[in-house]
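Q: Residue numbers (the numbering used here), protein chains in the order written: chain A, 60 to 191; chain B, 607 to 772. For each residue, glycine too, the CB sits at the ideal point set by N, CA and C.
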Amino acid sequence: MTQALHLVAVAAFLGAILIVDLRLLGWGSVRQSHVGIARSAQRVLLWTGPAVLATGIPQFTTNALRYYASPVFAIKMGLLAVALVLTVTLRRRVAAADGDGLPSWVPRAVGAVSIALWMSVAIGGRLVGFVE
Amino acid sequence: MPSILPALEWLEALAWTTAIRESSWGYPIMETAHVASIVAFAGLVMVMDLRLVGLAFAHTPLTRIQRPLFRWQMAGFGLSAATGLLLFVVDPLRYYGNVFFRVKLVLLALAGLNALGFHLTIFRTVERWDEDPLAPTTARLAGAASLLFWSAIIVSGRLIAYNWFD
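1) Using the C-alpha atoms, what's the distance from A/V153 back to A/S163?
2) Are the segment 170-187 of chain A and the segment 615-632 of chain B touching, with three or more C-beta to C-beta distances below 8 Å?
3) What does A/F134 reach in chain B if we use C-beta pairs closer than 7 Å?
4) To the nearest angstrom, report how far apart A/V131 and A/S179 are at their CA atoms.
5) Kindly indicate which three-state DSSP category B/L675 falls into: helix, strand or coil?
6) Against chain A, which members of the segment 654-680 of chain B pass a CB distance test of less than 7 Å?
7) Which one of B/F755, B/L685, B/L722, B/W735 has the shortest CA to CA distance from B/L711?
8) Tell me whether A/G160 sits in a helix, a strand or coil according to DSSP, three-state version.
9) Could one say the Cβ of A/F189 lies closer than 8 Å to chain B's Cβ atoms, at least one of them?
10) Determine the direct distance from the alpha carbon of B/V659 to that of B/A745, and round the result to whole angstroms.
11) Roughly how many angstroms separate the alpha carbons of B/P634 and A/G160, rounded to a whole number?
12) Where does B/W616 fall in DSSP's three states?
13) DSSP three-state call for B/A751: helix, strand or coil?
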């Protein structure tokens, strides 16, 4: 059940990530400002993030040796660390700048890297259960 | 009522479903693609639902959220439906009797009806309340129902792995 709730929390968290990334990529409505949505999405991340952790950490602590030995889990956590750092630094600034003074490839690149990283974390999470 | 069991047994006995079912890579690949597409899809639906119920994006008009997301929601749903169907087709008897699988199908139908009802009724008048931070009650209820259904669909999908009642 912890895993089932973890997936629900992950879905909500990922939705708030993707809505901003799709805009950074210019695949939303391009003329519409990113800023209002990015700021509101950040608030969604701030309350779904703890839910992801609260449902994720018990999975680790109840099976710590198995996860510790799993290379996929190590990769997932590494990708998660990179994704988190990107999200709270570069991505936040680029989303707040709303394209002002930036070459158009910058928001696109940040959006593409962010989607790739967060989806890899999600995929990695499922694969932990498959790869011994 | 005629049972669909013979049809499922026929499906299960096909050479290609047997090959995928008995392979070591088939299930992990299909299942991972299914989970990844469903969390992405459900997430894109949930952020729209959060706007509907008034918990987020209050100062962005609903259609500025809904319109650009729609095709991504549909793409995500298409991918999760395709991978889900494939998972079922290659191992139908595993799922057929599973109570969580049946619950999930019922919830999917309810989520679909809720979305259809929303689009055919209150969403038709969206120009009138698009910019209101708080949507009309019917729209908020549809958003709340959607959040509930998709969360329950994810939970029941995960629980299919456990055959508590078999």
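A: Based on what the coordinates show:
1) What you label residue 163 of chain A is simply residue 104 of the first sequence in a count that begins at 1. What you label residue 153 of chain A is simply residue 94 of the first sequence in a count that begins at 1. Cα to Cα, the separation comes out at about 11 Å.
2) no
3) Counting from one through the first sequence, the residue named residue 134 of chain A turns up at place 75. One detail in the question is off: residue 134 of chain A reads as Ile in this sequence, not Phe. What A/I134 touches in chain B: nothing, since even the nearest Cβ is about 14 Å away.
4) Walking along the first sequence from the start, residue 131 of chain A turns up at place 72. Walking along the first sequence from the start, residue 179 of chain A turns up at place 120. The alpha-carbon atoms of A/V131 and A/S179 are separated by roughly 11 Å.
5) The count along the second sequence starts at 1 and reaches residue 675 of chain B at position 69. Looking at B/L675 - three-state DSSP - the assignment turns out to be helix.
6) L656, A662, F663, H665, T666, R670, R673, P674, L675, W678
7) Here residue 711 of chain B is taken as the residue at index 105 of the second sequence, counted from 1. For B/L711, the nearest C-alpha among the options comes from B/F755.
8) Taking the first residue of the first sequence as 1, we reach residue 160 of chain A at position 101. The answer is coil: DSSP assigns A/G160 none of H, G, I, E or B.
9) For the purposes of this step, residue 189 of chain A is identified with residue 130 of the first sequence, where counting begins at 1. Chain B contact via Cβ: present.
10) The count along the second sequence starts at 1 and reaches residue 745 of chain B at position 139. The count along the second sequence starts at 1 and reaches residue 659 of chain B at position 53. Distance between the alpha carbons of B/A745 and B/V659 is about 8 Å.
11) By 1-based counting over the second sequence, the position of residue 634 of chain B is 28. By 1-based counting over the first sequence, the position of residue 160 of chain A is 101. One C-alpha to the other measures close to 45 Å.
12) Walking along the second sequence from the start, residue 616 of chain B turns up at place 10. B/W616: helix per DSSP, three-state reduction.
13) For this step, residue 751 of chain B is matched to residue 145 along the second sequence. B/A751: helix per DSSP, three-state reduction.
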